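S.K.: One line per chain: the protein sequences are A and B, in this order.
Start counting the first sequence at 10; every next residue gets the next number (my numbering).
Start counting the second sequence at 453; every next residue gets the next number (my numbering).
Ideal Cβ placement from N, Cα and C applies to all residues, glycine included.
These numbers come from a predicted model, not from an experiment.
Here's a structure for you.
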Amino acid sequence: MAVDPQLQSELEKRGVFVMPVEFLYNWSRKSSIWPMQFGLACCAIEMIAAAAARYDIARFGAEVFRASPRQADLMIVAGTVTKKMAPLVVRLYNQMPEPKYVIAMGACAISGGPFKEGYNVLKGIDRYIPVDIHIPGCPPRPEALLHGLMALQEKISGQRLTDARWYDKNAPAELPVPQYGPHDLEPPYHPDVWKPPKP
Amino acid sequence: MIPTVEQIRELLSAGGAKSALLVDREELVAVANFLKTDPQLRFDFCSCVTAVDYLQQGYIEVVYHLYSVALKHGPLALKVRAPRALEQCRVPSLTLVWRGCEFQEREAYDLFGVKFDGHPDLRRILMWDEFVDHPMRKDYVPPMDYEWEPTPHGETLARAKAQGGYVPASAREAGK
Chain A
10 MAVDPQLQSE LEKRGVFVMP VEFLYNWSRK SSIWPMQFGL ACCAIEMIAA AAARYDIARF
70 GAEVFRASPR QADLMIVAGT VTKKMAPLVV RLYNQMPEPK YVIAMGACAI SGGPFKEGYN
130 VLKGIDRYIP VDIHIPGCPP RPEALLHGLM ALQEKISGQR LTDARWYDKN APAELPVPQY
190 GPHDLEPPYH PDVWKPPKP
Chain B
453 MIPTVEQIRE LLSAGGAKSA LLVDREELVA VANFLKTDPQ LRFDFCSCVT AVDYLQQGYI
513 EVVYHLYSVA LKHGPLALKV RAPRALEQCR VPSLTLVWRG CEFQEREAYD LFGVKFDGHP
573 DLRRILMWDE FVDHPMRKDY VPPMDYEWEP TPHGETLARA KAQGGYVPAS AREAGK
């Protein structure tokens, strides 16, 4: 901010606040992150606990779980993503309005977890959609989810309007939905979103 | 041939894994009907349908677990064998005898490729419809998607080597 601190404090005493639009915009967004109301496995139980009275996710302005992706800002992928379910998760992500964020909650959503070697479980949802926050744990405790939410708030407050990916004209409006193939999902991952790590 | 009530009683008293009745495919429905309707047996509840793949012996065994709720006895395992080859891997369906078999026979079809003749709605139940494999068969090969790991071991290490991926120093020395 290019305002003299002394002048600013003088202005604030008179009820005038000087700040960049970005600050106000990010502050209001990070204080009202509405998650989508869906769960895939046991991590969802911890997510419910985080929303209930003891942990009370409402303290962070994120208590309004929306049953429709059209009204949600945040997708908490809470649980095991089977290959049969993965195209539906990607489609739900596509239906969310921008700006949108994704939290991968738990070992399964991050990497497949204990089912990584199986034939029917996706080895991490970040193969198909961009993930902002990974929360490890099996399942993570509600405190861990709250910590992930706070990390996301920090990330949002550091975002710039000029380089956020959804203000890029050339960015694709939606991600391709994987198809059910004869042996596996096709493609097995989206190269734009994820690449196999180099040894 | 259809067993006698005494034979079934003997199997039940043996208990546990020994109480298994192996029947031919052609006789399966007749035996099932006998077990269900005989007034001294009355196996009115089929709790489990599953299959076992015997790769070496070349057959797949379908297992039904039967109980009698009315007479409080069971379980009796009813077993039937079919060749492993997909075209010949057929057994008659028992859905019309015990209605609860429907979804479990669909599961056995989905994961083992056993076709149940006479089943009212034989579709995949767990995997998607476009899937062609039967993943619980012992010769099933999962899709190739090796991913780099800091400490690969076992099969993953073999796949990593095959793909020219990362191999830890200890494994490299052990391989020499």
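Is the shortest distance between the beta-carbon of L609 (chain B) and the beta-carbons of chain A less than 9 Å?
M.R.: Counted from its first residue, the second sequence places residue 609 (chain B) at position 157. With 9 Å as the cut-off, L609 (chain B) does not count as an interface residue toward chain A.
S.K.: Could you name each continuous alpha helix (DSSP H) segment of 4 residues or more that falls completely within the region 536 to 577 of chain B, going from the start of the chain to the end?
M.R.: 553 to 564
S.K.: Output, in chain order, the set of chain A residues within a Cβ distance shorter than 8 Å of E559 (chain B).
M.R.: Position 107 of the second sequence holds residue 559 (chain B). Per Cβ cutoff of 8 Å: no residues; E559 (chain B) is ~13 Å from chain A at best.
S.K.: Is any beta-carbon of chain A found at less than 9 Å from that of L507 (chain B)?
M.R.: As a working note, residue 507 (chain B) is residue 55 in the second sequence. It does not: the Cβ of L507 (chain B) has no partner Cβ on chain A nearer than 9 Å.
S.K.: With a CB to CB cut of under 7 Å and the five nearest residues on each side skipped, what residues in its chain are close to K132 (chain A)?
M.R.: Looking up residue 132 (chain A) in the first sequence gives position 123. Cβ contact annotation for K132 (chain A) (same chain, cutoff 7 Å, sequence separation greater than five): S120, G121, K125, in chain order.
S.K.: In three-state DSSP terms, what is G395 (chain B)?
M.R.: As displayed, chain B neither begins before 453 nor continues past 628, which places residue 395 (chain B) out of reach and without an answer.
S.K.: Roughly how many angstroms lie between the CA atoms of P535 (chain B) and L480 (chain B), to the nearest whole one?
M.R.: In the second sequence, counting from the first residue as 1, residue 535 (chain B) sits at position 83. In the second sequence, counting from the first residue as 1, residue 480 (chain B) sits at position 28. P535 (chain B) and L480 (chain B): Cα-Cα distance of roughly 16 Å.
S.K.: Report yes if the CB atom of W175 (chain A) is closer than 9 Å to the CB atom of P108 (chain A), and no otherwise.
M.R.: The residue you call residue 175 (chain A) lines up with position 166 of the first sequence. The residue you call residue 108 (chain A) lines up with position 99 of the first sequence. Yes, Cβ-Cβ distance for W175 (chain A) and P108 (chain A) is below 9 Å.
S.K.: What residues in its chain sit with their C-beta under 7 Å from that of L20 (chain A), if we drop five residues either side in the sequence?
M.R.: By one-based count along the first sequence, residue 20 (chain A) stands at place 11. Around L20 (chain A): V27.
S.K.: State the Cα-Cα distance for the pair A180 (chain A) and H192 (chain A), rounded to the nearest angstrom.
M.R.: As a first step, residue 180 (chain A) is located in the first sequence; it is residue number 171 there, counting from the start. As a first step, residue 192 (chain A) is located in the first sequence; it is residue number 183 there, counting from the start. In a straight line, the C-alpha of A180 (chain A) is about 31 Å away from that of H192 (chain A).
S.K.: What residues from chain B crowd round Y128 (chain A), counting only those whose CB sits closer than 7 Å?
M.R.: Numbered from its first residue, the first sequence carries residue 128 (chain A) at position 119. Going along chain B in sequence order, the residues near Y128 (chain A) (Cβ under 7 Å) are P587, P594.
S.K.: Name the residue from B:T547, B:A537, B:F497, B:R542 whose alpha carbon lies nearest to the alpha carbon of L523 (chain B).
M.R.: By one-based count along the second sequence, residue 523 (chain B) stands at place 71. For L523 (chain B), the nearest C-alpha among the options comes from B:F497.
S.K.: Using three-state DSSP, classify K628 (chain B) as helix, strand or coil.
M.R.: Residue numbering aside, residue 628 (chain B) sits at position 176 when the second sequence is read from its first letter. Note that K628 (chain B) scores 47 on pLDDT, short of 50, meaning its location in the model is unreliable and no value can be drawn from it.
S.K.: Nearest to D591 (chain B) by alpha carbon, out of B:L493, B:T456, B:G510, B:T489?
M.R.: Taking the second sequence and counting its residues from 1, the one referred to as residue 591 (chain B) is at position 139. Looking at the Cα atoms, B:G510 is the closest of the given residues.
S.K.: When you compare the CB of D193 (chain A) with every CB in chain B, is at least one pair closer than 9 Å?
M.R.: For the purposes of this step, residue 193 (chain A) is identified with residue 184 of the first sequence, where counting begins at 1. Interface residue, yes.
S.K.: Quick check on D562 (chain B): buried or exposed, where buried means 16 or more other Cβ atoms within 10 Å of its Cβ?
M.R.: Looking up residue 562 (chain B) in the second sequence gives position 110. By the neighbour-count definition (other C-beta atoms within 10 Å, threshold 16), D562 (chain B) is a buried residue.
S.K.: Does G190 (chain A) come within less than 9 Å of chain B when only Cβ atoms are used?
M.R.: Here residue 190 (chain A) refers to the residue found at position 181 of the first sequence. Among the residues facing chain B, G190 (chain A) is included, as its CB has a counterpart in that chain under 9 Å away.
S.K.: Can you grab the Cα-Cα spacing for the pair I54 (chain A) / L154 (chain A), in whole Å?
M.R.: For the purposes of this step, residue 54 (chain A) is taken as residue 45 along the first sequence, with counting starting at 1. For the purposes of this step, residue 154 (chain A) is taken as residue 145 along the first sequence, with counting starting at 1. Roughly 12 Å between the two C-alpha positions.
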